[in-house]
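Q: Please see the structure below; I have some questions.
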Amino acid sequence: MNDLLIIGGGPAGVAAGVYAARKFLKTDLVAEEIGGQSTVSEGIQNWVGTVNIPGTDLIKAFKEHLEAYKGDNLTLHEGKRVESLTKAQGGFEATLKDGSKLSARAVLIASGAARKRLSIPGADQFEHKGLTYCASCDGPLFGGMDVAVVGGGNAGFESALQLLAYCKSVTLIHKYAEFKADAITVRKALEHPNMRVLTTTEPVEVLGEKFVNGLVVKNSETGETTTLSVSGIFVEIGVLPNTGFAKDLVEIDAVGRVITDPRNQHTSVEGVWAAGDCTDELYHQNNIAAGDAVKALEDIYIWVKKQD
Ligand SMILES: Cc1cc2nc3c(=O)[nH]c(=O)nc-3n(C[C@H](O)[C@H](O)[C@H](O)COP(=O)(O)OP(=O)(O)OC[C@H]3O[C@@H](n4cnc5c(N)ncnc54)[C@H](O)[C@@H]3O)c2cc1C
């Protein structure tokens, strides 16, 4: 049986993979994709050691770093998905989508999170017909058009900044009075002449015929309803943890995040650790995900050696 199974290939999983290999822990790393959520970003400007790194370059750097340690200790299973994780004789067993199984004495869950979906009339009907969850993937299709962004966090403002480069106008809709995004990102977006912001406002209905042609929004303070004439809607309203495969094994909170001890990333089950956006960590950032995974690895190493 291997020492460690790492589930995830975002900043948390990759950091863990590198540390595990350097500690000579026999490790399997399973990831549907190497990179993680921010790799759809055109420029990540707070990954320590790089002033501005495009998502595509971050994926490349992650892969290179893992490849450098691949071999006797680290085995990569890229493009594979874990469907379930259970206790097994001497450790834990993961069942993959292709039916294969991997077992290990210890597990690090680093499976991150996925986009939260908009649930208002018209949202499902017009998905991929003007309503999208990825500005950097679909944004250029909306060149010269009026578009809306739903969400006032970092992802919402980053999407708006990308779209401002080619869209006629961008209207950002935010539920609250205060923005959750970094002040510097907000300032940059608000300085743009084609940027408009509606605070204390929520989307109510997506309108269209074949494609989106409008978004009905409601101001929660005045109760006033307005129809924005837009051809594109970019949704950035947060994320949901990818923890379904572990929900019967470890303790999770009401929104599906793995509950961890912040001192060492330990979960409710001995032998299982978790790090990054799949946990109840308050802040979601690449550096935090990587740091928490490193913290977990230090603890995993001591634990594994005690079992020998
Ligand atoms: C658009 C956008 C822009 C962002 N910009 C920034 C930024 O500029 N700076 C910053 O610090 N943070 C940014 N963030 C936040 C940052 O991306 C996350 O905090 C970070 O990616 C979390 O890393 P993670 O490793 O925990 O999880 P993730 O990045 O979500 O990675 C999860 C990994 O697990 C894999 N996986 C999931 N489920 C399974 C499964 N069942 N089986 C196998 N593999 C699985 C995925 O394929 C992936 O490899 C941004 C986020 C978004 C959405």
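Just remember that the numbering used here sits 4 ahead of the position in the sequence shown, which is counted from 1.
Beta carbons: idealized from backbone N, C-alpha and C, even for Gly.
1. Per the contact definition of three or more C-beta pairs closer than 8 Å, is the segment 120 to 138 in contact with the segment 223 to 233?
2. Which residue comes first and which comes last in the alpha helix (DSSP H) that contains N50?
3. Can we count S45 as close to ligand 1, meaning its CB is less than 7 Å from some heavy atom?
4. Is the beta carbon of D281 within less than 7 Å of some heavy atom of ligand 1?
5. Mind checking whether the beta-carbon of V208 lies closer than 7 Å to any heavy atom of ligand 1?
6. Would you check if the distance between the CB atom of G95 and the CB atom of G275 is smaller than 8 Å?
7. What is the rounded straight-line gap between the Cα of C171 and the Cα of T264?
8. In the DSSP output, what is K184 paired with across the bridge?
9. Given 7 Å as the limit, tell me if G14 has its C-beta closer than that to any heavy atom belonging to ligand 1.
10. Using a 10 Å radius around the Cβ and a threshold of 16 neighbouring Cβ atoms, would you call F66 buried or exposed?
11. Start and end of the beta strand (DSSP E) containing T247?
12. Pick out whichever of V308, T229, R261 and S235 has its Cα sitting closest to the Cα of K133.
13. Tell me the DSSP bridge mates of V86?
A: Based on what the coordinates show:
1. no
2. Where N50 is concerned, there is no enclosing alpha helix (DSSP H), given that its DSSP letter is neither H nor E.
3. yes
4. yes
5. no
6. yes
7. 42 Å
8. Beta-bridge pairing links K184 to no other residue.
9. yes
10. buried
11. From DSSP, T247 is part of no beta strand (DSSP E); its letter is neither H nor E.
12. S235
13. L100
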